[in-house]
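Here this note's numbering is used: the first residue of the sequence shown is 3, the next is one more, and so on. Using N, Cα and C, we set each Cβ at its ideal position, and we do this for glycine too. As the structure is a prediction and not an experimental result, all values here were calculated from the model. Working notes, beginning with the structure itself.
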Amino acid sequence: MQNQAAELKAGDTATAALRADRIAAAWRMELNCDSWLLAAAAAQGNLMKIDIERFGLKDVAVDPDTVFTFAEGLAGFPDCRQFKVFHEEGKATVFWLQSLDDADLSFPIVPPQSLDLEYQIELSDADCALLGLENADDASVALIVYRNAAEGGKIAANTRSPIILNTSNRRGMQKVLQDVHPTLLYRAR
3 MQNQAAELKA GDTATAALRA DRIAAAWRME LNCDSWLLAA AAAQGNLMKI
53 DIERFGLKDV AVDPDTVFTF AEGLAGFPDC RQFKVFHEEG KATVFWLQSL
103 DDADLSFPIV PPQSLDLEYQ IELSDADCAL LGLENADDAS VALIVYRNAA
153 EGGKIAANTR SPIILNTSNR RGMQKVLQDV HPTLLYRAR
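Pasting the structure below:
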């Protein structure tokens, strides 16, 4: 036990990796990304099958009860309204928001906590109605990450347009913020 503690104190990177794994595990459960849901749906015979060509995957089983509906689509993709969140095991906190309307469209997303950011987002009554959100605990926030060509290909997160997911009823939206002030909680180096 002392060796484990010493290893964790030796570098913030190890601590951050362990923390990221805990965030990923919690998010997988919250967003219903676990394979047991697919097994349960397979037993009931109500799986959808999709091809995800970007990753070379054919006939990926999707439980319709785990699909998020975005009534207004996403910025630039208003006709893409059905999305599934996938997680590749061993990839820490990177998840994929895969369109079921366009197999070529997917976005890498992360919980803000994995970037040591904390958000306080104010949702309007219209936003809450769109999400069918009655309890703030049912809301989960995700950030789309991308390679920033202007910064030499560094990975960046779109903090101005977070994804809001209602994990209770599987509705989602992209909230465009005018004034963003995420709080940096801790930055491991």
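Using the Cβ count rule (16 or more neighbours within 10 Å means buried), how would you classify residue i?
i    : result
S147 : First, the residue type needs correcting, since residue 147 is Val and not Ser in the sequence shown. Answer is buried; the Cβ neighbour count reaches 16.
K156 : exposed
D181 : exposed
G174 : buried
P164 : buried
V178 : exposed
P80  : exposed
L102 : buried
L119 : buried
K60  : exposed
Considering only DSSP beta bridges, list what residue i is partnered with.
i    : result
G155 : According to DSSP, which records beta bridges pairwise, G155 is partnered with nothing at all.
G165 : The sequence shown places Ile at residue 165, rather than the Gly named in the question. In DSSP, I165 forms a bridge with A144, Q176.
S150 : Here residue 150 turns out to be Asn, not Ser, going by the sequence shown. According to DSSP, N150 bridges with K156.
So the candidates are the options; which of them puts its Cα closest to the Cα of residue i?
i    : options               : result
T169 : T71, R56, S108, S116  : T71
R172 : L132, F79, F97        : L132
I166 : F57, L59, L102, Q122  : Q122
A128 : M50, A73, V62         : A73
P110 : F57, E136, E124       : F57
P66  : D139, A138, Q84, A158 : Q84
R149 : S142, A158, A141      : A158
L117 : I52, I54, V62, V96    : V96
Item checked: Whole alpha helix (DSSP H) elements within the segment 51 to 137, 4-residue minimum -> 127 to 133
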